[in-house]
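**Q** The opening residue of the sequence shown carries number 7 in this note's numbering; numbering runs sequentially from there. Don't be surprised by glycine CBs; every beta carbon is placed ideally from N, CA and C. Since the structure is predicted, the reported quantities are computational estimates derived from the model, not experimental observations.
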Amino acid sequence: MGKLKNGILGGVSGKVGTVTCYCLNGQEIVRSNGKNNNPPTIKQLNNYQQMEVISEFFNGMKPILKAGFGHEAIGTIKNYHNLAIEYNKPNALKGYFPDVEIDYPKIVISAGHLSLAFNPTVEMVAEGLKFNWEVQHNIPQENTDRVMLLAYAPNSKDMSFNNSGAQRIEGCDILKIPSSMKNEPLEVYMSFVSDDRLSASNSQYLGLITVL
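(1) Do Ile-60 and Lys-100 count as a contact pair if the criterion is CB distance below 7 Å?
(2) Which one of Met-67, Arg-37, Gln-55 has the shortest CA to CA distance from Ser-166?
(3) For Gly-81, does the count of other Cβ atoms within 10 angstroms reach 16, so buried, or fall short, so exposed?
(4) What are the boundary residues of the beta strand (DSSP E) that Phe-124 is part of?
(5) Can you give me the C-alpha to C-alpha distance between Ser-170 and Arg-152, rounded to a whole angstrom?
(6) Where Pro-126 and Arg-174 are concerned, what is the direct C-alpha to C-alpha distance, given to the nearest angstrom?
(7) Since I believe Ser-121 is in contact with Phe-145 (beta carbons under 8 Å), could you give me their beta-carbon distance rounded to a whole number of angstroms?
(8) What does the Cβ neighbour count give for Val-131, buried or exposed, with the cut at 16 atoms within 10 Å?
(9) With 16 other CB atoms within 10 Å as the buried threshold, where does Val-106 fall?
(10) Does the segment 153-160 come close enough to the segment 174-192 that 3 or more CB-CB pairs lie under 8 Å?
(11) What residue range does the beta strand (DSSP E) around Lys-136 cover?
(12) State buried or exposed for Phe-124, treating a residue as buried only when at least 16 other CB atoms are found within 10 Å of its CB.
(13) Do Lys-112 and Asn-97 have their CB atoms nearer than 7 Å?
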């Protein structure tokens with residue numbers, strides 16, 4: 007049942023006949039209520055599994071995705087999670103139903119126009135993973151950008167991340183890895199986000215590493 011939010015002249019919220027009305031990011035949205043009693047096709051099953059796989063991967067990454075895609079959602083009816091799915095579902099999956107899986111080197115955890123890390127590397131240290139990058143002195147306007155780091159364990163689906171790490175000008179940062187993730191292969195990513203969270207760089211995949 008739909009409701010008039012502000013009287014007869016106000017907007018409608020809820021289900022009205024064959025459509026559903028709701029407000030998203032300040033805009034009124036109307037969508038049809040589809041009904042299909044036919045069994046799903048293989049193409050549909052593949053799409054369902056793609057959504058399931060990519061959504062499961064991003065589960066628990068809200069701070070990362072909000073920092074990496076939130077700025078892209080400003081002024082649109084989309085949110086950071088929608089955009090993360092849009093970037094990754096067509097490009098970062100491999101296989102076909104029932105064998106869809108993540109293509110880890112192609113995963114994107116942020117997108118934007120800030121400069122990429124120059125010659126980034128990652129190495130094991132006592133505390134976890136040390137990320138290094140060369141400081142570029144010709145982009146002083148980006149000195150205060152914050153590094154964003156992610157290590158994801160495909161086997162256990164555990165993760166460690168920092169969505170607001172060291173400043174770009176510092177040239178390095180350490181991501182602590184809990185004992186539960188040690189001796190396990192980790193897929194590693196980094197990117198930069200501006201201090202005001204209004205812009206970001208494209209993320210970079212730094213490879214597969216095992217912390218002993």
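**A** Considering the structure as presented:
(1) no
(2) Met-67
(3) exposed
(4) 124-131
(5) 5 Å
(6) 12 Å
(7) First, the amino acid is wrong: residue 145 is Ile here, not Phe. So it is a contact: roughly 6 Å between Cβ atoms.
(8) exposed
(9) buried
(10) yes
(11) 134-140
(12) exposed
(13) yes
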